[in-house]
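K.L.:
Structure incoming, see below.
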Amino acid sequence: MADDAIKEQLENARKAFEAQNYQACEVILQKMPQEDLKAQHNLAIVRLLQNHADMEQTIAALADNSTEGLPMLNEREGETKNSVSLLYEGHETAHFNRALLLARSGLLNEAAGILRGLLGMHNSITPAVLGRALCLLQTITRIPTKAHHRQRSDDELIQKVITENMSKFSKDPALLSMVKGAFADSSTIHEMPHNSDADWAVYFNNLGVLTMGDSKMNVASLCFAKAEKAAAQCNTPLMRHPIVYNAGLCALLRGEY
Numbered sequence: 001m002a003d004d005a006i007k008e009q010l011e012n013a014r015k016a017f018e019a020q021n022y023q024a025c026e027v028i029l030q031k032m033p034q035e036d037l038k039a040q041h042n043l044a045i046v047r048l049l050q051n052h053a054d055m056e057q058t059i060a061a062l063a064d065n066s067t068e069g070l071p072m073l074n075e076r077e078g079e080t081k082n083s084v085s086l087l088y089e090g091h092e093t094a095h096f097n098r099a100l101l102l103a104r105s106g107l108l109n110e111a112a113g114i115l116r117g118l119l120g121m122h123n124s125i126t127p128a129v130l131g132r133a134l135c136l137l138q139t140i141t142r143i144p145t146k147a148h149h150r151q152r153s154d155d156e157l158i159q160k161v162i163t164e165n166m167s168k169f170s171k172d173p174a175l176l177s178m179v180k181g182a183f184a185d186s187s188t189i190h191e192m193p194h195n196s197d198a199d200w201a202v203y204f205n206n207l208g209v210l211t212m213g214d215s216k217m218n219v220a221s222l223c224f225a226k227a228e229k230a231a232a233q234c235n236t237p238l239m240r241h242p243i244v245y246n247a248g249l250c251a252l253l254r255g256e257y
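Here is the structure:
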C-alpha cells in the first residue's frame, strides 16, 4: 500500500474514531499492512474499546521491539533509567496509552518507566501527550508505597518539563487546567473561595486529583462527579474538558471501562 493511501486510510480511521464509530474504524485498520505500527497500535486501542481484546493483550500489542519499558540499573545512583524510542510520528501516544493501561493493571513501576522515558524526550513529543504523561507520572508516584517509589531524579525531571513547557501547556486551557490540578497544593485547596459554580467545579476537580493520587478512587470518583455537575451548571465547555478527562482516568483506574 502506497504512503499516500496509508495516510488516507489513517485519516478515515481517525474520523470514524472521533465519531465513536469504533466498528468502522476497526474495519479500516484491519485492512492496513500489519507491519505499519501506527495502524496496529490504533487497532489495539479500538479493539479494547469494543471488548474485542483484554487489557493484557492490548498492553502487549502496544509494545514494540525496542528496549522501551525495560529498566536498566544505574549502579552509581541506584535508580533505573528507561529508554523510549519513537518509531513514527505520533508514536508517543501509543507509549502513553500503554503506560496508562499498565498503571490500571497495577504495574506502576513499569508505567512510571515509560512515562519517565517520555518526559526525558519532552522536546520531541506533542504538548497534549506530554501534559498527560506529566500528570500521570505525578499521580502514580506522588505517594510512595512498598511496591513502588518515586526516584530521586523524578522531581528534577518533572520540574524541568514544567519549566520548559508551561508556555506550550498554556495555549490549551483544558490541558493547562489538567496540569495545574495534578500539581495542586493540598495545603491550600480548602482555603479557596467557592462563590460560584465555576469555583466549586475547580475545587472538586482539584480535590479529586489529590484523592486519586492517594489511591482513594471511590472518593475521587465522587469529587469528579460533583465537579462535572458544577461545571454543567456554569455552562463553561472549556472547564468541562479536564474534568471529564480526570473522571475518565479515575473510572479506568477503578476498572469501570
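Numbering (the UniProt record's numbering), first residue to last: 1 to 257.
Heads up, the beta-carbon is just placed ideally off N, CA and C, and yes, glycines get one too.
Predicted, not measured: the structure shown is a model, and the values here were computed from it.
Which residue comes first and which comes last in the alpha helix (DSSP H) that contains Gln23?
P.N.:
Taking the sequence shown and counting its residues from 1, the one referred to as residue 23 is at position 23. From DSSP, the alpha helix (DSSP H) with Gln23 extends over Tyr22 to Gln30.
K.L.:
Residues in its own chain within less than 8 Å of Met121 by CB, not counting five upstream and five downstream?
P.N.:
Within the sequence shown, the letter at position 121 stands for residue 121. Closer than 8 Å at Cβ, skipping near neighbours: Val84 and Leu86.
K.L.:
Look at the alpha carbon of Leu108 and the alpha carbon of Val161, and state the distance between them as a whole number of angstroms.
P.N.:
Counting from one through the sequence shown, the residue named residue 108 turns up at place 108. Counting from one through the sequence shown, the residue named residue 161 turns up at place 161. If I take the Cα positions, the gap works out to 21 Å.
K.L.:
Using alpha carbons as the reference points, say which of Ser221, Gln50, Arg116 and Ala133 lies closest to Asn21.
P.N.:
For this step, residue 21 is matched to residue 21 along the sequence shown. For the residues Ser221, Gln50, Arg116 and Ala133, the minimum Cα distance to Asn21 belongs to Gln50.
K.L.:
Quick one: using the 10 Å Cβ neighbour count with 16 as the cut-off for buried, is Tyr203 buried or exposed?
P.N.:
Stepping through the sequence shown from its first residue, residue 203 is reached at position 203. Its Cβ being crowded by 16 or more others within 10 Å, Tyr203 is buried.
K.L.:
Kindly give me the distance between the Cβ atoms of Glu164 and Thr126, rounded to whole angstroms, as I take these residues to be in contact under 8 Å.
P.N.:
For the purposes of this step, residue 164 is identified with residue 164 of the sequence shown, where counting begins at 1. For the purposes of this step, residue 126 is identified with residue 126 of the sequence shown, where counting begins at 1. Their Cβ separation, rounded to whole angstroms, is 15 Å, which puts Glu164 and Thr126 out of contact at 8 Å.
K.L.:
Given this structure, state the Cα-to-Cα distance separating Thr139 from His95, to the nearest angstrom.
P.N.:
Here the question's residue 139 lines up with position 139 in the sequence shown. Here the question's residue 95 lines up with position 95 in the sequence shown. Near 17 Å, if we compare the C-alpha coordinates of His95 and Thr139.
K.L.:
Can you tell me whether Glu228 is buried or exposed, with buried defined as 16 or more other CB within 10 angstroms of its CB?
P.N.:
Within the sequence shown, the letter at position 228 stands for residue 228. Buried is the call here.
K.L.:
I need the straight-line Cα distance from Ala174 to Ala201, nearest angstrom please.
P.N.:
Reading the sequence shown from its first residue, position 174 is the one you call residue 174. Reading the sequence shown from its first residue, position 201 is the one you call residue 201. Looking at the two C-alpha atoms, the distance is approximately 13 Å.
K.L.:
Does DSSP classify Gln40 as helix, strand or coil?
P.N.:
Translated into positions along the sequence shown, residue 40 becomes position 40. Helix.
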